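Below is one structure, written out as C-alpha coordinates; the observations come after it.
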Amino acid sequence: MVCGGIVLGHKISQQEIAVDKVKIEVIEKLPPPTTISKPLCALLEHNRVFNFDEPCVQAFEELKKQPETTPIVITPDWTLPFELMYDASAFAVGAVLGKRKDKVFHAIYYASQTLTDMQLNYTTNEKDLLAIVFVTARFWG
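Position one of the sequence shown corresponds to residue 1384 (my numbering), numbered consecutively onward.
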(Lines of atoms letter the chains of each structure in order from A and count residues from 1; the text may use other names and numbers.)
(Lines give C-alpha, C1' and ligand atoms only; values in the text may rest on other atoms or scores of the structure.)
Protein backbone atom coordinates (compact mmCIF):
# COMPACT_ATOMS: atom_id res chain seq x y z
CA MET A 1 0.00 0.00 0.00
CA VAL A 2 1.34 3.44 -0.95
CA CYS A 3 1.44 5.86 2.02
CA GLY A 4 2.26 9.01 0.06
CA GLY A 5 3.99 10.50 -2.93
CA ILE A 6 4.71 13.60 -4.98
CA VAL A 7 1.94 14.74 -7.32
CA LEU A 8 2.00 18.01 -9.28
CA GLY A 9 4.77 19.43 -7.09
CA HIS A 10 3.12 18.54 -3.77
CA LYS A 11 3.99 15.83 -1.24
CA ILE A 12 0.73 14.03 -0.56
CA SER A 13 0.03 11.74 2.38
CA GLN A 14 -3.05 10.64 4.27
CA GLN A 15 -2.55 13.47 6.79
CA GLU A 16 -1.64 16.48 4.65
CA ILE A 17 -0.58 18.04 1.38
CA ALA A 18 2.74 19.93 1.54
CA VAL A 19 4.73 21.85 -1.06
CA ASP A 20 7.72 19.96 -2.51
CA LYS A 21 10.90 21.83 -1.42
CA VAL A 22 12.53 21.22 -4.83
CA LYS A 23 9.86 23.40 -6.44
CA ILE A 24 10.45 26.13 -3.84
CA GLU A 25 14.17 26.27 -4.67
CA VAL A 26 13.32 27.07 -8.29
CA ILE A 27 11.11 29.98 -7.20
CA GLU A 28 13.74 31.31 -4.78
CA LYS A 29 16.32 31.49 -7.57
CA LEU A 30 14.11 33.53 -9.89
CA PRO A 31 15.48 37.00 -10.68
CA PRO A 32 13.19 40.00 -10.19
CA PRO A 33 10.98 40.62 -13.21
CA THR A 34 12.33 43.15 -15.70
CA THR A 35 9.65 43.24 -18.38
CA ILE A 36 6.48 43.60 -16.30
CA SER A 37 4.58 46.78 -17.12
CA LYS A 38 1.76 46.50 -14.59
CA PRO A 39 1.50 45.33 -10.96
CA LEU A 40 0.28 41.78 -10.63
CA CYS A 41 -3.12 42.66 -9.23
CA ALA A 42 -3.61 45.37 -11.83
CA LEU A 43 -2.97 43.08 -14.80
CA LEU A 44 -6.70 43.07 -15.49
CA GLU A 45 -7.07 46.85 -15.17
CA HIS A 46 -6.65 49.35 -17.99
CA ASN A 47 -4.45 52.46 -18.23
CA ARG A 48 -2.29 51.79 -15.16
CA VAL A 49 1.47 52.48 -15.39
CA PHE A 50 3.70 50.13 -13.41
CA ASN A 51 6.76 51.49 -11.65
CA PHE A 52 8.83 48.53 -10.39
CA ASP A 53 10.56 50.41 -7.57
CA GLU A 54 12.36 49.15 -4.45
CA PRO A 55 9.17 48.36 -2.48
CA CYS A 56 8.02 46.25 -5.44
CA VAL A 57 11.31 44.33 -5.49
CA GLN A 58 11.02 43.71 -1.74
CA ALA A 59 7.43 42.52 -2.15
CA PHE A 60 8.48 40.20 -4.99
CA GLU A 61 11.29 38.73 -2.88
CA GLU A 62 8.87 38.21 0.00
CA LEU A 63 6.32 36.53 -2.28
CA LYS A 64 8.97 34.08 -3.45
CA LYS A 65 9.36 32.93 0.16
CA GLN A 66 5.63 32.52 0.83
CA PRO A 67 5.18 28.93 -0.44
CA GLU A 68 7.62 27.76 2.25
CA THR A 69 5.83 29.52 5.09
CA THR A 70 2.25 29.22 3.91
CA PRO A 71 0.19 26.88 6.09
CA ILE A 72 -0.02 23.34 4.73
CA VAL A 73 -3.25 22.49 2.96
CA ILE A 74 -4.78 19.34 4.41
CA THR A 75 -7.34 16.87 3.16
CA PRO A 76 -10.72 17.19 4.90
CA ASP A 77 -11.55 15.08 7.94
CA TRP A 78 -15.27 14.54 7.42
CA THR A 79 -15.83 13.79 11.12
CA LEU A 80 -14.92 17.37 12.13
CA PRO A 81 -17.00 20.49 11.40
CA PHE A 82 -15.85 22.85 8.65
CA GLU A 83 -14.88 26.46 9.37
CA LEU A 84 -15.26 29.19 6.78
CA MET A 85 -13.50 32.52 7.28
CA TYR A 86 -13.88 35.45 4.91
CA ASP A 87 -12.82 39.07 4.76
CA ALA A 88 -12.81 42.10 2.52
CA SER A 89 -10.03 44.63 2.10
CA ALA A 90 -9.93 47.86 0.15
CA PHE A 91 -9.01 45.96 -3.03
CA ALA A 92 -10.11 42.31 -2.71
CA VAL A 93 -12.31 39.73 -1.00
CA GLY A 94 -11.08 36.36 0.17
CA ALA A 95 -11.98 33.23 2.07
CA VAL A 96 -10.40 30.18 3.68
CA LEU A 97 -12.21 26.88 4.22
CA GLY A 98 -10.68 24.65 6.84
CA LYS A 99 -10.92 22.51 9.94
CA ARG A 100 -9.71 22.90 13.50
CA LYS A 101 -7.80 19.96 14.92
CA ASP A 102 -6.42 20.19 18.46
CA LYS A 103 -7.29 23.94 18.47
CA VAL A 104 -5.06 24.54 15.41
CA PHE A 105 -6.70 25.74 12.19
CA HIS A 106 -5.70 23.82 9.04
CA ALA A 107 -6.63 25.24 5.63
CA ILE A 108 -8.32 23.06 3.03
CA TYR A 109 -9.09 25.63 0.33
CA TYR A 110 -8.25 29.29 -0.36
CA ALA A 111 -10.27 31.63 -2.59
CA SER A 112 -9.87 35.31 -3.45
CA GLN A 113 -10.93 37.87 -6.00
CA THR A 114 -9.88 41.45 -6.71
CA LEU A 115 -12.60 44.08 -6.76
CA THR A 116 -13.80 45.71 -9.95
CA ASP A 117 -13.55 49.48 -10.43
CA MET A 118 -17.20 49.82 -9.40
CA GLN A 119 -16.76 47.62 -6.32
CA LEU A 120 -13.77 49.71 -5.19
CA ASN A 121 -16.26 52.51 -4.51
CA TYR A 122 -18.31 50.36 -2.10
CA THR A 123 -18.40 51.26 1.59
CA THR A 124 -16.70 48.97 4.10
CA ASN A 125 -20.02 47.36 5.02
CA GLU A 126 -20.87 46.79 1.36
CA LYS A 127 -17.46 45.16 0.76
CA ASP A 128 -18.04 42.87 3.75
CA LEU A 129 -21.44 41.90 2.33
CA LEU A 130 -19.80 41.36 -1.06
CA ALA A 131 -17.37 38.97 0.65
CA ILE A 132 -20.35 36.98 1.94
CA VAL A 133 -21.85 36.86 -1.56
CA PHE A 134 -18.46 35.78 -2.98
CA VAL A 135 -18.08 32.99 -0.40
CA THR A 136 -21.62 31.77 -0.95
CA ALA A 137 -21.18 31.69 -4.72
CA ARG A 138 -17.75 30.02 -4.48
CA PHE A 139 -18.60 27.27 -2.00
CA TRP A 140 -22.34 26.69 -2.51
CA GLY A 141 -22.97 28.00 -6.01
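Even for Gly, the Cβ is constructed at its ideal location relative to N, Cα and C.
These numbers come from a predicted model, not from an experiment.
Of all C-beta pairs linking the segment 1456-1475 to the segment 1504-1516, three or more are shorter than 8 Å, placing the two stretches in contact.
Nearest neighbour of F1465 by Cα position, chosen from A1473, G1481, G1477, turns out to be G1481.
The C-alpha of D1403 lies about 24 Å from the C-alpha of Q1441. Look at E1399 here: in three-state DSSP terms it is coil, with no helix or strand label. In the three-state reduction of the DSSP assignment, F1443 falls in the helix class. For K1510, the enclosing alpha helix (DSSP H) begins and ends at 1507-1523. Separation of V1487 and F1522 (C-alpha to C-alpha, rounded to the nearest whole angstrom) is 22 Å. With respect to K1394, A1401 sits close: the two C-beta atoms are nearer than 8 Å. With a cutoff of 8 Å on beta-carbon distance, H1489 and I1457 are scored as near each other.
Relative to the Cα of Q1502, the nearest Cα in the group V1518, F1474, Y1493 belongs to F1474.
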